[in-house]
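This report concerns only the one structure given below.
Residue numbers (our numbering): 11 to 164.
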């Protein structure tokens, strides 16, 4: 695997990765919610810093989207879960931006909350509504200052 900057030709593939990952992990979303957020994500990909995890065939398997030091999105294709792509993407942005990262995670997505806890993030707040004003509570997380890329990959 390699981490590369966003490539416009991968846009549709990244949106598909997002959709497959969401369908596998966001059981609290209705079909209409997935359709709504898919369009939001598709537009957002072009407006933020995106890093892709690509395999030896140069195919994207996951991606992370950043706004400064805030992780806006991190998605790995469902059949690639548990293979270290998430930690690899987090480590990449730590190396670029330092370890004072922030992320919001859906409260109902317990797997993602556990993932970020393992990566060294702690909860600093909670919102009843998501960024689009929908009733999907968000946990606000920040990386502990002592976390490092070396610790994450252990």
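Glycine included, each C-beta is placed from N, C-alpha and C at the ideal position.
Put simply, the backbone Cα of residue 18 is about 31 Å away from that of residue 117.
Looking only at 12, 124 and 47, the smallest Cα-Cα distance to residue 142 is reached by 47. Judged by pairs of C-beta atoms under 8 Å, the region 38–58 does not touch the region 93–101, as fewer than three such pairs exist. Between the alpha carbons of residue 108 and residue 154 lies a distance of about 11 Å. Rounded to the nearest whole angstrom, the C-alpha separation of residue 21 and residue 134 is 32 Å. According to DSSP, residue 136 shares a beta bridge with 149.
The residues 35 and 36, in chain order, have a CB closer than 7 Å to that of residue 119 in the same chain once the five nearest residues on each side in sequence are set aside. Spanning the alpha carbons of residue 150 and residue 31 requires a straight line of approximately 21 Å. Between residue 112 and residue 70, the C-beta spacing is not below 8 Å.
For residue 82, the uninterrupted beta strand (DSSP E) run begins and ends at 80–86, by DSSP. Annotation: residue 53 is outside any beta strand (DSSP E); the continuous alpha helix (DSSP H) that includes it extends over 41–55.
Residue pairing for residue 114: DSSP places it in a beta bridge opposite 150. Residue 60 and residue 73 have their C-alpha atoms some 7 Å from each other.
In the three-state scheme derived from DSSP, where H, G and I count as helix and E and B as strand, residue 121 is classed as helix.
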